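Asker: The sequence shown begins at 1 in our numbering and counts up one residue at a time.
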Amino acid sequence: MLGAVKAASLCSAAAFRGASGLDRACAQSHDCSCVMATGMGSNLSDRSEAFDEGNVGAIMTTQSEAKRFFATKVIDRARTEGVALSEAERRMLYWSESDPEFNADPKLVEQLAAEMSDEDYEAKIATLLRNAFAADSANDSRAREAWQQARSVLKQGDHYILIMIDRAVGTKLKRWWEFWR
């Protein structure tokens with residue numbers, strides 16, 4: 001049973017590569033080791049039982065999986081809408097002060113600041129998240145649950161993307177008891 005749970009929590013590099021356009025070499029060169037989370041060894045793409053971001057019913061157990069879920073939604077939506085995302089914009093989707101799998105490089109913040117203001121970046125990502133949520137909800141009745149679950153897991157840490165998630169769809173994802181906190 002534990003093996004099945006571990007297998008369900010792993011992320012397939014092939015699935016992520018297909019969903020986001022990033023690959024292992026790209027992730028390594030950009031210190032986005034969260035893309036390759038869970039220490040699966042060197043042959044990431046041969047995992048058929050791995051966590052699948054595209055599966056709405058998939059259970060996310062780690063903050064890295066939840067972050068990948070949202071980052072993939074943003075990247076896919078940008079591709080669908082023809083919205084360009086720079087390398088810095090993509091990498092900032094993974095920014096975290098608490099994720100040991102992410103190398104918080106201050107130069108990345110400077111690079112993004114040279115491209116656009118924080119407000120513009122957050123508005124752009126929030127819009128993509130809002131549109132992705134609307135599309136997912138229209139296509140699958142379980143989408144809201146998956147988004148709620150991913151947000152709940154992600155809230156266990158300090159992740160920049162949470163600001164944009166809450167800005168975009170926070171009230172749609174809150175459970176009834178969270179409104180009184």
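Heads up, the beta-carbon is just placed ideally off N, CA and C, and yes, glycines get one too. This structure is a prediction, so every number in the text was calculated from the model and none was measured.
What residue range does the alpha helix (DSSP H) around SER152 cover?
Answerer: Position 152 of the sequence shown holds residue 152. Note, SER152: alpha helix (DSSP H), 143-154.
Asker: Can you give the Cα-Cα distance for SER96 and ASP140, rounded to whole angstroms?
Answerer: The residue you call residue 96 lines up with position 96 of the sequence shown. The residue you call residue 140 lines up with position 140 of the sequence shown. So the alpha carbons of these two residues sit roughly 30 Å apart.
Asker: Can you tell me whether THR80 is buried or exposed, with buried defined as 16 or more other CB within 10 angstroms of its CB?
Answerer: Taking the sequence shown and counting its residues from 1, one reaches residue 80 at position 80. Classification for THR80: exposed.
Asker: What did DSSP end up calling SER230 once you bin it into helix, strand or coil?
Answerer: Because the chain here runs from 1 to 181, residue 230 falls outside it and cannot be looked at.
Asker: Residues in the same chain with beta-carbon distance under 8 Å from ALA132, minus the five sequence neighbours each way, listed in chain order, please.
Answerer: Within the sequence shown, residue 132 is the residue found at index 132, counting from 1. Excluding residues within five positions, the ones whose Cβ falls inside 8 Å are LYS73, VAL74, ASP76 and ARG77.
Asker: Taking the alpha-carbon of ALA71 as reference, which of LEU128, ASP120 and ARG167 has the nearest alpha-carbon?
Answerer: Locating residue 71 in the sequence shown gives position 71, counting from the first residue. Cα-wise, what sits closest to ALA71 is LEU128.
Asker: Check each candidate in GLY157, ARG130, HIS159 and ILE59 and name the one with the smallest Cα separation from LEU173.
Answerer: In the sequence shown, residue 173 corresponds to position 173, counting from 1. When only C-alpha atoms are compared, the closest one is ARG130.
Asker: Between the stretch 144-160 and the stretch 111-120, can you find at least three pairs of beta-carbon atoms closer than 8 Å?
Answerer: At 8 Å Cβ cutoff, the stretches do not touch.
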